[in-house]
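Only one structure is covered here, and it is reproduced in the block below.
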Amino acid sequence: MRKLTAALFMSLDGVVEAPDQWQFDYFDEEMAARMEAAIAEEDTVLLGRVTYQEWAAYWPQVTDDPYANHINNTPKYVVSTTLHRVPWGHQQDAGLIRGNLRQEVMRLKDRPGKNIGVGGSPTLVRSLLADGLLDELTLLIHPIVVGRGKRLFQDGEPLRRFELVHSERTGSGVLVLTYRPL
């Protein structure tokens, strides 16, 4: 069975929203190498609706970036109950998951292949964790306090335990922490 993984940029105060506004000062060669290694291990991308809408408006037009090559040429599935079609520029449309999340993700995990990576999509990550579907969660914690924005975990979330399976510190001070949900 394939592994479902997620990685999110996060500030010290837990904000995961709009990392394009605050994470680039810390993005160094180590982080680029880490991301390239992670995407080399995946051959399918899972996106939530909001991330899909943001990324589909940007990435298909980018051609000179290693991540653009990956995201534009890797099969994608979008989880949404409101969208009816999920085009991706001139590339093949993404697949649409509208029904039972657990059932559809288990179908993807049962197919042969590499890892399935969740791109951004903190709301989807919370749902996958709640359904016991996420196998690994990597948080790239940046040494910055953003002050406001969407956090990965909201007040009132149930108690959830994780095992730390890998940790490293980049030269720019970002902590890369990989957890396995218990």
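My numbering puts the first residue of the sequence shown at 2, with every later residue one more than the last.
Note that beta-carbon positions come from the ideal geometry of N, C-alpha and C, so glycine has one too.
The three-state secondary structure of V63, taken from DSSP, is coil. Excluding five sequence positions before and after S173, the CB atoms of its chain that fall closer than 6 Å to its own CB belong to Y27, D29, given in chain order. For R170, the enclosing beta strand (DSSP E) stretches over residues 163 to 170.
Here the segment 39 to 47 makes no contact with the segment 155 to 174; the two share fewer than three CB pairs at distances below 8 Å. Pairing Q24 with Y53, the inter-Cα distance amounts to about 20 Å.
Taken through DSSP and simplified to helix, strand or coil, V46 comes out as strand. Excluding the 5 residues flanking it on each side, W60 has same chain C-beta neighbours closer than 7 Å at A69, I72, N73, in chain order.
For V175 and D94, the gap between their C-alpha atoms comes out near 34 Å. Cβ-Cβ distances below 6 Å link N101 to nothing in the same chain once the five nearest sequence neighbours on each side are left out. In the structure shown, L141 adopts extended strand secondary structure according to DSSP, grouped into three states. Taking one beta carbon from each stretch, the segment 73 to 85 and the segment 10 to 19 have fewer than 3 pairs nearer than 8 Å; the two do not touch. Contact between L9 and P123 holds, since their C-beta atoms are separated by about 6 Å, short of 8 Å.
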